[in-house]
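Asker:
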Amino acid sequence: MRWSKYFLYTLKETPKEAEIISHIYLIRAGFIRKLASGIYNYMPIFLRTLKKLEKIIREELDKKGAIELLMPVVLPAELWKESGRWYKYGKELWRIKDRKDAEFALGPTHEEIITHIVRTEVSSYRDLPLNLYQIQTKVRDEIRPRFGLMRAREFIMKDGYSFHSSWESLNETYNDMYEAYSNIFKRCGLYFKVVEADTGNIGGSDSHEFMVLADTGEDKIANCKSCDYAANVEKAYTKFNEVIVEDKKPLELIETPDKKSIDELEEFLNLPPEKFMKAFLVEDEEGILYMFLIRGDYEINEAKINNIIGKPWKMATFEALKEANIIEGYAGPIGANLDKVKIFVDYSVRTIVDGITGANKQNYHYKGFYWDRDLPENIEWVNIHVVKPADKCPICGGELEIIRGIEVGHIFKLGTKYSESMKAYYKDKDGKEKPFIMGCYGIGVTRVIQAAIEQNHDENGIIWTKELAPFLIDLILLDLKDEETRNFADNLYKELTDKGFEVIYDDRDARAGFKFKDADLIGFPIHIIIGKKNLKQGLIEIKNRQTQERVKVKVEDFWKALEDILQNIR
Ligand code: ATP
Ligand code: MG
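Residue numbers (the numbering used here): 1159 to 1728.
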């Protein structure tokens, strides 16, 4: 490709809208242009990298026997109503109407559609397992689109769905996808970690996320320093050693005037936060009241609250609290009307001895609280805490650290969640109708590209690996007015492309420094520089963008030198 005839424009200035380096470089290097909030044009240079990534994905999935199809972006509401997600998904689901006022959604994910397809086409266990995927544009009306392609409102996803007649078969495909995803991200040159994940909006049991490690990542990961345990903080938990003492003090009402928060109480009573049990009170859409109890030094994990309640919720209203005999700011389980509130207690509470808890009486708390003596009977023990750095690993007891990651892939065991709600059945060996057992597997394709930049760049620009680079070689012509030099470069360009190399030929009428800057900014792995002065001495300069090494080689040694560099780049 001759740059003078190509459609590629770089920018000198840092764009105002971009906060993180990968976003800045995507714009400055001419890969994307913003059209609206969270909606981008993919420019020609971006499309080249995108196609390469798609090729890697297809190759690795095809190896595992997955089959590609393509579903629509515009999806009829009926299917979403069947699964119930039309009502649960919230505002991220971009809803539209046609001219006849019929409701549709712009697809954020395709469980409903694929389930509909398979229930229509497949009737027998003989046709299972099936593993279908697509690479397609997704639409989610994200509340806070940001960081360019990282959290966009329109983006490209690879989404796959598998159908089985047994859990063993699902497990096999799940492991296959785990392997395929690992291979894909390795080929992209990414430094990533696979972590246990929450199943969130999609539902189901087991789930893993593929996290590209980066300080700018939106996700937090609890990572064990001693063993393999790593989990999204939404899912992670620590293990508490319960404490039971024989010699218990009596429960005693103490006056705590106007002291409602743990901070205020800590100061007033001169006790550390570990001595307190705090209450978090919420109400679901049907008005059912929940009390979540946790040790004072831990935060409540909202993802886990979502999973326990399973429907939309809000902070408890004054009326609901009153009915349950609970006083806000002085709330606790003791004295509450237990018929009117469901109580869930975090395991951290099992370490509290001689603790403080609300007395459900204005301006009063209880002192001398012991979990094994003072909690009511009808409670459920749960892990709803957010893990903290230096907490213990639940598997090996080692130390946990909190690191940041970018979620680029996510795999789930869905089970029969969709097949049951959408009545997707097949006839099994025994002649009985059974719901398909399902898995689903996603890769944020456009997010992967930006994550690769976030991990591989320097102060001059992007550093692409061979597999994702839009062009492998930037052939830079200096002194283009000198005929001999230009002829030489023209010939070399032809030879390189004839040999199958992907070359962008910078034949633009521009200064040398300008061309070098662009080459670094866009991050082509190999720069070949043809200039009059060098050529007069029979020399060609080659730069390895990954190591920044520049070498001058004799014209006759050029192909050997290129071969060497190719061996040495990632
Ligand atoms: P997140 O937690 O980041 O919102 P998610 O868990 O909702 O993502 P999934 O439904 O698992 O996302 O989608 C599969 C993949 O699609 C994700 O792993 C992620 O890489 C990508 N993805 C999700 N939302 C976006 C978005 N708004 N912009 C770009 N990529 C996205
Ligand atoms: Mg996810």
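Ideal placement from N, C-alpha and C gives every residue a C-beta, glycine not left out.
Would you call A1338 buried or exposed, if buried means 16 or more other Cβ atoms sit within 10 Å of its Cβ?
Answerer: The residue is buried, with at least 16 neighbouring Cβ atoms inside 10 Å.
Asker: What are the partner residues of A1389, as DSSP defines its beta bridges?
Answerer: Beta-bridge pairing links A1389 to E1354 and A1380.
Asker: So, with DSSP's three-state summary, where would you put M1369?
Answerer: Strand, per DSSP.
Asker: Just to confirm, does M1369 get its C-beta within under 7 Å of one of the non-hydrogen atoms of the ligand ATP?
Answerer: Incorrect: M1369 has no Cβ contact closer than 7 Å to the ligand ATP.
Asker: Under 7 Å: does the beta carbon of I1342 sit that close to some heavy atom of the ligand MN?
Answerer: In terms of ligand content, the structure shown lacks the ligand MN and carries the ligand ATP and the ligand MG instead.
Asker: Going by beta carbon distance, what residues of the same chain come within less than 6 Å of K1500, once the five residues before and after it are set aside?
Answerer: Y1448.
Asker: Count the other C-beta atoms from every protein chain shown that fall within 10 angstroms of the C-beta of E1617, then say buried if there are 16 or more, exposed otherwise.
Answerer: Looking at its Cβ environment, which holds fewer than 16 other Cβ atoms inside 10 Å, E1617 is exposed.
Asker: In terms of residues, what are the limits of the alpha helix (DSSP H) holding M1116?
Answerer: Here the chain comprises residues numbered 1159 to 1728, so residue 1116 is not present and cannot be evaluated.
Asker: Taking 8 Å as the threshold, find out whether the region 1315 to 1323 comes into contact with the region 1626 to 1646 through three or more Cβ pairs.
Answerer: Short answer: they don't touch.
Asker: Use the C-beta contact count for Q1725: other C-beta atoms within 10 angstroms, 16 or more gives buried, fewer gives exposed.
Answerer: So Q1725 counts as exposed.
Asker: Kindly indicate which residue of V1603, W1539 and A1668 has the alpha-carbon position closest to the one of R1216.
Answerer: The candidate whose alpha carbon is nearest that of R1216 is V1603.
Asker: Check each candidate in A1235, K1710 and A1224 and name the one with the smallest Cα separation from D1334.
Answerer: Measuring from the Cα of D1334, the nearest candidate turns out to be A1224.
Asker: What whole-angstrom Cβ distance do P1547 and L1496 have, given they're in contact under 8 Å?
Answerer: Not quite, the Cβ-Cβ distance comes to about 36 Å (not below 8 Å), so this is no contact.
Asker: Could you tell me which of I1301, Y1584, I1514 and L1169 sits nearest to Y1528, measuring between CA atoms?
Answerer: If we check each option's Cα against that of Y1528, I1514 comes out closest.
Asker: Enumerated in chain order, which unbroken segments of the beta strand (DSSP E) with a length of 3 residues or greater are wholly contained in the region 1183 to 1259?
Answerer: List check, beta strand (DSSP E) in window: 1190 to 1194, 1197 to 1200, 1232 to 1234 and 1252 to 1255.
Asker: Entirely within the region 1662 to 1701 and at least 4 residues each: give me those alpha helix (DSSP H) ranges in chain order.
Answerer: Taking only runs of at least 4 residues, the alpha helix (DSSP H) segments lying wholly in the region 1662 to 1701 are 1670 to 1680 and 1690 to 1694.
Asker: For the ligand ATP, is there a heavy atom less than 7 Å away from the beta-carbon of R1309?
Answerer: Result yes, Cβ under 7 Å from the ligand ATP.
Asker: Please specify which runs of the alpha helix (DSSP H), each continuous and at least 4 residues long, are wholly inside the region 1607 to 1669, giving them in chain order.
Answerer: Counting only runs of 4 or more, we get 1641 to 1656.
Asker: For G1729, count neighbouring C-beta atoms within 10 Å of its own C-beta (all shown protein chains included) and say buried if the count is 16 or more, exposed if not.
Answerer: The chain is shown only over 1159 to 1728; residue 1729 falls outside these bounds and no answer can be derived.
Asker: Consult DSSP for K1469 and reduce its assignment to one of helix, strand or coil.
Answerer: In the structure shown, K1469 sits in coil (DSSP, three-state: anything other than H, G, I, E or B).
Asker: Counting beta carbon pairs with one atom in the region 1629 to 1644 and one in the region 1591 to 1598, are three or more of them shorter than 8 Å?
Answerer: No: fewer than three Cβ pairs fall under 8 Å.
Asker: Near I1402, which residues of its chain fall below 6 Å by C-beta distance, leaving aside the five closest residues on each side in sequence?
Answerer: Counting only Cβ-Cβ distances below 6 Å, and skipping sequence neighbours, we find D1530.
Asker: Anyone know if the C-beta pair for W1244 and W1238 falls short of 8 Å?
Answerer: Taking 8 Å as the Cβ cut-off, W1244 and W1238 qualify as a contacting pair.
Asker: Considering only heavy atoms of the ligand ATP, does any lie closer than 7 Å to the CB of F1716?
Answerer: Every heavy atom of the ligand ATP is 7 Å or more from the Cβ of F1716, so no.
Asker: For P1431, collect the residues of the same chain with a Cβ closer than 8 Å to its Cβ; drop the 5 residues on either side in sequence, then sort them by chain order.
Answerer: Contacts found: I1420, E1424, R1453, G1454 and D1455.
Asker: Any heavy atom of the ligand ATP closer than 7 Å to the Cβ of F1189?
Answerer: Because no heavy atom of the ligand ATP lies under 7 Å away, the Cβ of F1189 does not count as near it: no.
Asker: Using only the heavy atoms of the ligand ATP, determine whether one of them is closer than 7 Å to the beta carbon of M1315.
Answerer: M1315 Cβ: within cutoff of the ligand ATP.
Asker: Along the chain, where does the beta strand (DSSP E) that runs through L1533 open and close?
Answerer: No beta strand (DSSP E) holds L1533; DSSP gives it neither H nor E.
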